Amino acid sequence: MSLFSFNFAAMDLEKLFSKLGITALNAMQEEAYDTIAHTGKDVVLLSSTGSGKTLAYLLPLVELLDAADPSVQALVITPGRELALQSSKVMDTMSTGLRSMACYGGRATMDEHRVIRQKLPQVIFGTPGRLNDHLDKSNISADHIRFLVIDEFDKCLEMGFHDEMSRLLAKLPALQRRFLLSATDAEQIPHFVQLTKAVRLDFLVPEEQVSERVTLYEVRSESKDKLEALDCLLRQLGGGQSIVFLNYRDSVDRVDDFLRHRGYATSAFHGGMEQKAREDALYKFSNGSANVFVSTDLASRGLDIPDIQHIIHYHLPQGEDGYVHRVGRTARWDKTGKSYFLLGPEETMPEFVEGEVVNYPLSKDERPVPVPPMSTLYIGKGKKDKISKGDIVGFLCKKAEIGSGDIGRIDVNDRYTYVAVSRAKVRHVLRLVQGEKIKGVRTVIEPVK
């Protein structure tokens with residue numbers, strides 16, 4: 084299918100693809116677009132992790148919505164808040180003129196209700212419990228919700244959301260179409276989903292456990308405590324974005340503390356952290372301010388960061404499914420990646436790992452800690468304060484005396500802004516902007532640690 088057959092009145096496809104770091108849609112995305120946009124049927128889309136399912140359903144969905152109708156017209160159910168946030172950001176990146184927001188637990192429902200009233204989103208991404216809460220309180224009207232997407236529906240069921248999703252769908256009387264997405268094939272679609280003559284698009288490759296673009300390595304640690312071996316490995320890799328997977332929250336904190344004391348720019352991530360801390364960690368890693376992401380398997384699904392080069396299993400995966408989803412964080416789209424199994428003296432490679440595993444010897448040479456080029460600043464003003472990306476760039480260039488080349492990704496939220504600046508100049512920037520005003524208003528400007 085040629086790109087010229089797509090009909091996006093409100094969207095510049097070439098500009099969108101450039102923002103997403105791609106040149107064209109893959110075969111799965113093209114078929115998903117054609118089926119969702121043109122058949123009028125329910126759709127079950129099965130495709131591997133990292134293949135671009137979010138874009139596959141959002142591209143046709145935005146064409147099906149009525150931009151002139153301010154009502155909520157589509158709900159997207161996700162198993163976790165991170166996927167809800169990232170999917171909403173993808174839609175914002177598309178710049179379609181349609182409004183969206185993410186709803187999830189860990190913050191006050193009334194705060195989200197206030198945003199719903201102000202923003203009038205036409206698409207809401209959210210976790211099942213929080214969406215039920217808003218519908219029960221009439222914060223969201225179901226009268227115009229015609230489309231439902233259940234992203235990672237297999238994961239939603241694994242996490243025990245069966246009853247919550249059943250109650251949720253019972254509250255959507257105007258629902259016309261349902262789109263289910265998954266990276267694994269569910270044995271049975273729950274009856275409450277009420278699929279009608281669904282089209283099944285199966286792009287799973289049964290014989291391929293992980294992408295052929297991923298190279299597997301075995302790394303030996305001389306001691307049971309693998310911290311020194313991890314340090315050596317990261318120095319030897321010399322940079323790039325790495326995720327270090329562990330099986331326990333306290334282990335994440337321990338490894339993260341160790342690496343920070345060694346001089347690494349890290350982000351720690353697990354379910355026991357406050358939501359704001361998790362968002363900060365994810366943002367620093369996605370904008371390149373942190374190059375080592377230390378996490379439980381919470382990060383093995385729902386993170387859509389395209390340029391992760393290294394997956395390091397500090398703790399071995401607890402099963403084949405967990406392994407597949409961990410490794411699915413790398414080699415996304417058409418890129419390549421590497422997966423390292425850090426093994427202690429008494430550990431062996433898991434039997435479920437298929438394919439050739441290459442020995443990766445650790446060097447005894449002392450090498451410098453790889454440091455990312457950017458650092459993240461928090462600015463305590465956002466969209467509600469009439470602050471734009473252009474205002475941030477102008478302020479930093481004028482007041483901090485840096486060039487636009489020293490400024491990276493900028494995300495302007497409702498009440499605050501994150502901006503990536505050159506790590507080499509961050510102290511210089513902080514010194515010069517203290518007490519300065521943005522558009523006539525003083526605000527907090529501080530590093531995100």
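Residue 160 in the numbering used here sits at position 77 of the sequence shown; the count goes up by one each step and never skips. No residue lacks a Cβ here, since even glycine has one placed at the ideal position from N, Cα and C. Only a predicted model underlies this, so the values are computations on that prediction, with no experimental measurement involved.
CB of residue i within 9 angstroms of CB of residue j, strictly
i, j, result
"Thr419", "Arg296", "yes"
"Met248", "Val276", "yes"
"Met184", "Val198", "yes"
"Leu138", "Leu284", "no"
"Leu195", "His227", "Note on residue identity: the sequence assigns Glu, not Leu, to residue 195. No, these two residues do not count as a Cβ contact at 9 angstroms."
"Ala225", "Pro256", "yes"
"Arg384", "Ser134", "no"
"Ala382", "Arg412", "yes"
"Glu301", "Met193", "no"
"Ser131", "Leu386", "no"
"Leu342", "Tyr443", "no"
Paired residues, beta bridge with residue i - DSSP
i, result
"Asn442", "Glu301"
"Lys520", "Arg525"
"His396", "Phe328 and Phe424"
"Asp494", "Tyr501"
"Ile160", "Gly209 and Ile233"
"Thr349", "Val375"
"Cys186", "Gly209"
"Ile470", "Answer is none; Ile470 lacks a bridge partner."
"Val126", "Phe262 and Val282"
Nearest-angstrom beta carbon gap, residue j and residue i [assumed within contact, 8 angstroms]
i, j, result
"Gln156", "Gln112", "Not really, about 22 angstroms apart at Cβ, beyond 8 angstroms."
"Pro389", "Leu460", "At roughly 23 angstroms, the Cβ-Cβ gap does not stay under 8 angstroms, so Pro389 and Leu460 are not in contact."
"Ile534", "Ile326", "Residue numbering for the chain in the displayed model covers 84 to 532; residue 534 lies beyond these limits and cannot be assessed."
"Asp125", "Leu278", "5 angstroms"
"Val516", "Lys482", "5 angstroms"
Under the three-state DSSP convention, the category residue i falls into
i, result
"Ile207", "strand"
"Arg318", "helix"
"Pro143", "helix"
"Ile119", "helix"
"Ser85", "Because the pLDDT of Ser85 is 38, which lies under 50, any placement of that residue in the model is unreliable, and the question is left without a value."
"Thr267", "coil"
"Phe262", "strand"
"Ala92", "Because Ala92 sits at a pLDDT of 41, beneath the cut-off of 50, its placement in the model cannot be relied upon, and the point is left open."
"Leu381", "helix"
"Arg229", "coil"
"Leu515", "helix"
"Leu103", "helix"
"Ser487", "helix"
"Asp285", "strand"
"Leu460", "strand"
Taking 8 angstroms as the threshold, find out whether the stretch 138–152 comes into contact with the stretch 113–120 through three or more Cβ pairs. With contact defined as three or more Cβ pairs closer than 8 angstroms, the stretch 138–152 and the stretch 113–120 are in contact.
Count Cβ pairs between the stretch 401–413 and the stretch 242–262 that sit closer than 8 angstroms; are there 3 or more? Contact fails: fewer than three Cβ-Cβ distances are below 8 angstroms.
Stretch pair the stretch 433–450 + the stretch 488–502: three plus CB contacts closer than 8 angstroms: No, they do not touch.
Can at least three beta-carbon pairs, one atom from the stretch 319–334 and one from the stretch 386–397, be found at a separation below 8 angstroms? By the Cβ test, the stretch 319–334 is in contact with the stretch 386–397, since at least three Cβ pairs between them sit closer than 8 angstroms.
Could you say if the stretch 466–473 and the stretch 518–532 meet the contact criterion of at least three C-beta pairs nearer than 8 angstroms? Result yes; three or more Cβ-Cβ pairs closer than 8 angstroms.
Report yes or no: do the stretch 365–385 and the stretch 332–352 share at least 3 C-beta pairs separated by less than 8 angstroms? Counting Cβ pairs under 8 angstroms, three or more are found: they touch.
Check whether the stretch 160–177 and the stretch 324–343 touch, using three or more Cβ-Cβ pairs below 8 angstroms as the test. Put simply, the stretch 160–177 does not touch the stretch 324–343. Fewer than three CB pairs are less than 8 angstroms apart.
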